[in-house]
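Below: one structure, written as structure tokens.
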């Protein structure tokens, strides 16, 4: 089964038969006609005729999605997302070489909801390499939901971003108060430069007496030279549970003597981490 | 009382204005497409502008608990740049059916030139084809004649007057606008257009039927609280609550909801999807500030307003 079949199946479940048939027919027409105006008109009809509700997906649906395309995680997808993404998937498979231009035009004239939809569908289009610059452009958005359409539950950045762009995405997430936990592959692309930038940022926040997002430490490799272990030591003693847990998680993964020595004073925290009770994933839940 | 400002160029206004408007009870604004202070030289600017009032500005307004809608169109001034006008007409259909587009507008005449006439008529046809209301900008120079002409042309193209808002009316134009069955909007804009003391007189004379109050606030010295101040002044002057509610809220909602893109529940009971998109991505309010309104309910703060008079 392909992505387009699965998405069609979801839509058929939630749309009336008439609406579903109408949508499928219109998508066929648009793909075969190749006229830009008909594409825009259909997008308009989708916005105006389909209801603004979430897709109701089961565990089986998520498993099926992941099977078709590793990392495809349609959390919080709406019916409108599904319809728009289906349209784009069909367009891109019909003419992959033209899709890059199509996508550029669509993104440039998209409203907020459409922008979110188009970015959410990135891991499903052909050819994804052509769309990397668009994704990099999208994560510069200050509209958090647009940023998250690319950064969260989306395998695209993990697979296609170079280190510099990956690092920028993590930093941006912290800046726009977005979560790191939903970033696919967050633990597998830690690098020294990112660690550096995050520690600098933590120090900047500390000097300004502002709070530091606890998730920031997930991508940090602390060391003695840049003050990070000092900050973590303070955090461990904090009354704020989230801070102390974040600090413990960070130090746990650090093999330096100093880190282990500090941690030894908090056996309770260490034990809970080893038992899997405290993890980065459930830190802010 | 909840208020709507159905003509506000928020792209030119600051977040202070949004905060003040929200505080004064404004629940929704409509931003019509217009010129931006100096002439555009490229269709790309127009495309980006339409994209902005459809996208980012909706989001920006949402951060203050205000629902933002827009009207799409080629304005009368830039209709005179034929090369630009042709290209804009070609891309308009791309935007006209986007979410939150409540009308084709603001279109009409500036100098009443041939080119303005050509593109006005084309856009009326577009509005008819897409079944959208029309927001009409009436000229500031030679207004009486231009307003009459605007209505003549609408009727010539078989546009239902109930779908058309004739904006920037004054004492000289209101009678004809109402008589011919159109909605009559008034822009309470200090110094140049209508003032609210005069507006109250108009309400006393003509009642509230098919009358709409807006601010038309823009790059110039204008008053984003015009609708609120006019509402308060009207109430103080003895205009019935129901009539003030009509001209400062209900009538705008009635005419523009014919587009299917604006509903009272948008601010009274926002859908979860809208909450996520508009109210929760609070990157404009940095430093841990929460969006002003999270439950969709607005508190009337008309009583806090002072310095009411706009002349």
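Protein chains in written order, with the numbering used here: chain A, 788 to 1072; chain B, 22 to 332.
For each residue, glycine too, the CB sits at the ideal point set by N, CA and C.
Annotation for residue 1015 of chain A: the continuous alpha helix (DSSP H) segment containing it runs 1015 to 1023. Residue 215 of chain B is outside the set of residues whose beta carbon lies under 9 Å from a beta carbon in chain A. Following the DSSP letters along the chain, one finds residue 951 of chain A in no beta strand (DSSP E) but inside the alpha helix (DSSP H) bounded by residues 950 to 962.
Taking 9 Å as the cut-off between beta carbons, the residues of the segment 897 to 909 of chain A near chain B are 897, 898, 899, 900, 901, 902 and 903, in sequence order.
Listed in chain order, the positions of the segment 830 to 846 of chain A with a beta carbon within less than 8 Å of a beta carbon of chain B are 830, 831, 832, 834, 835, 839, 840 and 841. According to the DSSP assignment, residue 53 of chain B belongs to no alpha helix (DSSP H) but to the beta strand (DSSP E) extending over 47 to 53.
Listed as beta-bridge partners of residue 90 of chain B by DSSP are B:51. Not a single CB atom of chain B sits nearer than 9 Å to the CB of residue 967 of chain A. Between residue 87 of chain B and residue 47 of chain B a beta carbon distance of about 6 Å is seen, short of the 8 Å cut, so the two are scored as contacting. At the C-beta level, residue 798 of chain A and residue 299 of chain B stay beyond 9 Å of one another. Taking a Cβ-Cβ threshold of 7 Å, the residues of chain B close to residue 824 of chain A are 114, in chain order.
Nearest to residue 1008 of chain A by alpha-carbon distance, out of A:1031, A:849, A:1036 and A:1032, is A:1036. For the segment 878 to 898 of chain A, the residues whose beta carbon sits under 8 Å from a beta carbon of chain B are, in order, 895, 896, 897 and 898. A distance below 7 Å between beta-carbons, with the five flanking residues on each side excluded, links residue 1022 of chain A to the following residues of its chain, in chain order: 1030, 1031, 1033 and 1034. A direct Cα-Cα distance of roughly 40 Å separates residue 55 of chain B from residue 795 of chain A.
In terms of beta-carbon proximity, residue 117 of chain B lines the interface with chain A, with at least one pair separated by less than 9 Å.
At a cut-off of 9 Å between beta-carbon atoms, residue 293 of chain B makes contact with chain A. Two segments are said to touch when three or more pairs of C-beta atoms, one from each, lie closer than 8 Å; by this definition the segment 273 to 286 of chain B does not touch the segment 237 to 245 of chain B.
Using a Cβ-Cβ cut-off of 8 Å, residue 817 of chain A is close to nothing in chain B; its nearest Cβ partner there is about 14 Å away. Going by beta carbons, residue 30 of chain B and residue 249 of chain B fall outside the 9 Å limit. Take residue 262 of chain B, set aside five residues on each side of it, and the residues of its chain with a beta-carbon closer than 8 Å to its own are 22 and 256, in chain order.
Of all residues in the segment 920 to 945 of chain A, only 929, 930, 931 and 932 come within less than 7 Å of chain B when Cβ atoms are compared, listed by chain position.
Listed along chain A, the residues sitting closer than 9 Å to residue 75 of chain B by beta-carbon distance are 896, 897, 898 and 899.
Under the Cβ distance rule, residue 865 of chain A counts among the residues neighbouring chain B, one pair being separated by less than 9 Å. Taking 9 Å as the CB threshold, residue 988 of chain A stays off the interface with chain B.
Its chain contains 90, 120, 121, 122 and 123 as the residues whose beta carbon lies nearer than 8 Å to that of residue 282 of chain B, once the 5 sequence neighbours on both sides are disregarded; these appear in chain order. Taking the beta carbon of residue 828 of chain A as reference, the chain B residues within 8 Å of it are 114 and 118, listed in sequence order. Distances from the CA of residue 230 of chain B to each of B:58, B:239 and B:270 were compared; the closest alpha carbon is that of B:270. In this structure, the beta-carbon distance from residue 148 of chain B to residue 112 of chain B does not fall below 9 Å. Between residue 962 of chain A and residue 917 of chain A, the C-beta gap is not smaller than 9 Å, which leaves the two residues out of contact. Annotation: Cβ neighbours of residue 68 of chain B in chain A (cutoff 9 Å, chain order): 895 and 896. Within a 10 Å sphere around the beta-carbon of residue 81 of chain B sit 16 or more other beta-carbons, which makes this residue buried. Counting C-beta atoms within 10 angstroms of its own C-beta, residue 28 of chain B has 16 or more neighbours from the protein chains shown and is therefore classed as buried.
Distance from the CA atom of residue 883 of chain A to the CA atom of residue 97 of chain B, rounded to whole angstroms, is 41 Å. Cβ atoms of residue 966 of chain A and residue 1071 of chain A come within 8 Å of each other, at about 7 Å. For residue 72 of chain B, the chain A residues whose Cβ falls inside 9 Å of its Cβ are 895, 896, 897 and 898, in order along the chain.
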